Amino acid sequence: MNNQLWTEFLEMAEPTLTHEAVQQMKNYIQHGRVTTYEHCVQVAFLSFTFARRLRLRIDEVSLVRGALLHDFYLYDWHVPDLQRKRFHGFHHAKTALKNAERHFALSPVERDIIKKHMWPMNLPLPRYRESVLVLVADKTVSLLETFGWKSPTFKFPDDQKGEI
């Protein structure tokens, strides 16, 4: 991993990652053995990496924050619940957006990322480049996680202690 890229990513991500409600995502499994929190960090970092490598002109802060909140639904989707609609994949983006709006003042780009990250299962098409980057990163990371890949534990840079 590129330490400079990771450090720059963390500067943007830390205010969101340290939020008490976002920390709750550590309590839910996303795919395989990966928590929703780990999944969102991985998707956000991959999206950020794509943007930097492709030298895209985008709103990096909105990209990172939208990606970190794209699965901010805060429930265990593996457990059936009569209060929730069936087919988690079709509905969780709306729940994630409602939760994100409850805890954060979102930009239009962040809203679009969260609302449309499940395209083509959710319509309409993403409106922003940032949304497309997160959509691609989410599909990539989800596929890898589903087939047993687990990213290394993310740690703060050497000058700080603790895990994200």
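For the sequence shown, the numbering used here begins at 47 and goes up steadily by one.
Note that CB positions come from ideal geometry on N, CA and C, so glycine has one too.
Predicted model only: the values in this text are computed from it and were never measured.
(1) Can you tell me which of Glu57, Ala67, Met58 and Leu109 puts its alpha carbon nearest to the alpha carbon of Ala146?
(2) Could you tell me if Lys144 is buried or exposed, where buried requires 16 or more neighbouring beta carbons within 10 angstroms of its beta carbon?
(3) If Phe94 and Val110 are in contact, beta carbons under 8 Å, what's the gap, nearest whole angstrom?
(4) Which of the three DSSP states, helix, strand or coil, is assigned to Ile75?
(5) Does DSSP put Phe91 in a helix, a strand or coil?
(6) Using a threshold of 7 Å, state whether the C-beta atoms of Gln88 and Val187 are closer than that.
(7) Under a Cβ-count criterion, where at least 16 other Cβ atoms within 10 Å of its own Cβ denotes burial, should Thr62 be classed as buried or exposed?
(8) So what does DSSP say about Asn168, is it helix, strand or coil?
(9) In chain order, what residues of the same chain have a beta carbon less than 8 Å from the beta carbon of Met85, not counting five sequence neighbours either side?
(10) Along the chain, where does the alpha helix (DSSP H) containing Asn48 start, and where does it finish?
Let me spell this out:
(1) Closest option to Ala146, Cα to Cα, is Ala67.
(2) Around the Cβ of Lys144, a 10 Å sphere holds fewer than 16 other Cβ atoms; the residue is exposed.
(3) Yes, they are in contact, since the Cβ atoms of Phe94 and Val110 sit about 6 Å apart, within 8 Å.
(4) Ile75: strand per DSSP, three-state reduction.
(5) DSSP, reduced to helix, strand and coil, places Phe91 within a helical segment of the structure shown.
(6) Taking 7 Å as the Cβ cut-off, Gln88 and Val187 qualify as a contacting pair.
(7) By the beta-carbon neighbour count (other beta carbons within 10 angstroms, threshold 16), Thr62 is buried.
(8) Note: Asn168 maps to coil in three-state DSSP.
(9) Position check: residue 85 holds His in this sequence, whereas Met was assumed. The beta carbon of His85 is closer than 8 Å to those of Gln76, His77, Asp117, Val187, Ser188 and Glu191 in its chain, skipping five residues each way along the sequence.
(10) In the DSSP assignment, Asn48 falls outside any alpha helix (DSSP H) and carries neither an H nor an E.
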